[in-house]
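Undergrad: One structure follows; several queries about it will come next.
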Amino acid sequence: MNIHVPNILTSTRLMFAPVFFILVFLPDWIGASYGPVFILLSAIFLYIELTDIVDGYIARKHDLVSDLGKVLDPFSDVISRVSYFLAFVVLDIMPPVVFLLILYRELGIVFVRMMLAQRGISLAARKGGKAKSVLYFLASVLGLVMLGDVWFGWFEAVQVSVPAVGGFSRLVRVVTHSVFWLAALFAILSFVDYLLVFARHVRAGKGGEQ
């Protein structure tokens, strides 16, 4: 298999992330119908998330892991998540503070990776980072659900159809915001974990120099 295949898949995520962001506002800009745009948004979201899994799987299975891929993959992840979350902030779905905490964390991780790279050290994924990624995914899915409610009034329709679930709308909003804040919390905790790893490498390097 061509060594460029995983990197090509990763690069397509970079291209589709800003498309996702633009599509969120397209109905208001040009009067496009919400239905087709939401379907397209969902398809792009699924493509980005699936290729995030597939490119890494292909690279590992066929021994196609490259230095470019090690940089491109996490960068694509950051761009896609920031695109989702920024759109949610603009639409008042995600609290701005949550977005800023996540953004600062991602920028901080880029700095830590660069510092470690200068020492020839590759920063491997850790459990805290993996938990953060799962919460990012859940936050993205719930954000899309909230967008569906903004555009189509899903929650009100459910409550009208099934009066017994009168608190459905409030429940979904509470769960969504809880996941948002948990994502931000795990983002910060995982960043602290990476900082500790970085500090250990720095101390080990100084000890070796002595």
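Residues in the sequence shown are numbered from 42 upward in steps of one, following this note's numbering. Quick reminder that beta carbons are idealized off the backbone N, C-alpha and C, glycines included. It should be emphasised that the depicted structure is a prediction, and the values quoted were computed from it without experimental measurement.
Just curious, the alpha helix (DSSP H) that His1 is in, first and last residue?
TA: An answer regarding residue 1 cannot be provided, because it is not within the stretch 42 to 251 covered by the chain.
Undergrad: At which residues does the alpha helix (DSSP H) containing Gly169 begin and terminate?
TA: Unbroken alpha helix (DSSP H) run through Gly169: 168-193.
Undergrad: List the endpoints of the continuous alpha helix (DSSP H) containing Val138.
TA: That run of the alpha helix (DSSP H) goes 137-159.
Undergrad: As a quick exercise: from Phe193, Val233, Lys102, Gly184, pick the residue whose alpha carbon is nearest that of Pro219.
TA: Per the sequence presented here, residue 219 reads as Ser, with Pro not at that position. Nearest option by C-alpha distance: Gly184.
Undergrad: Taking the alpha carbon of Glu64 as the point to measure from, which residue in Ser52, Leu82, Thr51, Leu50 has its own alpha carbon closest?
TA: Sequence check: residue 64 is Leu here, not Glu. Among Ser52, Leu82, Thr51, Leu50, the Cα nearest to that of Leu64 belongs to Leu82.
Undergrad: Decide if Gln251 is buried, meaning its Cβ has at least 16 other Cβ atoms within 10 Å, or exposed.
TA: Any reading at Gln251 needs caution, since the residue's pLDDT is 36, under 50, leaving its predicted position unreliable; the model's value is listed next. That one is exposed.
Undergrad: Keeping to the same chain, check which residues put their C-beta closer than 6 Å to that of Ala73; ignore five residues upstream and five downstream.
TA: Leu67.
Undergrad: Reducing DSSP to helix, strand and coil, say where Tyr125 ends up.
TA: DSSP places Tyr125 in helix when its eight states are reduced to three.
Undergrad: Counting along the chain, where does the alpha helix (DSSP H) carrying Ser83 start and finish?
TA: From DSSP, the alpha helix (DSSP H) with Ser83 extends over 75-102.
Undergrad: Find the nearest neighbour of Asp93 within the set Gly161, Val130, Val131, Phe178, judged by alpha-carbon distance.
TA: The option with the nearest alpha carbon to Asp93 is Phe178.
Undergrad: Taking Ile89 and Phe57 to be in contact with their CB atoms under 8 Å, please state how far apart those CB atoms are, rounded to whole angstroms.
TA: Confirmed, about 6 Å.
Undergrad: Exposed or buried, which one is Arg154 when buried takes at least 16 other CB atoms within 10 Å?
TA: With 16 or more other Cβ atoms within 10 Å, it is buried.
Undergrad: Among Val233, Leu157, Asn48, Ala172, whose alpha-carbon lies nearest the alpha-carbon of Gly97?
TA: It is Asn48.
Undergrad: When you compare only the Cα positions, how much space is there between Leu132 and Phe126?
TA: Their Cα atoms are separated by approximately 10 Å.
Undergrad: From Pro59, Ser174, Val46, pick the residue whose C-alpha is nearest to that of His103; which is it?
TA: Out of Pro59, Ser174, Val46, Val46 has the C-alpha closest to the C-alpha of His103.
Undergrad: What separation, rounded to the nearest whole angstrom, lies between the Cα atoms of Leu148 and Val215?
TA: Those two C-alpha atoms are separated by around 28 Å.
Undergrad: Excluding the 5 residues flanking Lys173 on each side, which residues of the same chain have their C-beta closer than 6 Å to its C-beta?
TA: Taken in chain order, the residues that qualify are Phe227, Ala228, Ser231.
Undergrad: Whole angstroms are fine: how far does the CA of Val175 sit from the CA of Ser107?
TA: So the alpha carbons of these two residues sit roughly 25 Å apart.
Undergrad: Just confirm the distance between the C-beta atoms of Leu113 and Thr51, as a whole number of angstroms; I'd bet it's less than 8 Å.
TA: Rounded, the Cβ-Cβ distance is 5 Å, consistent with contact.
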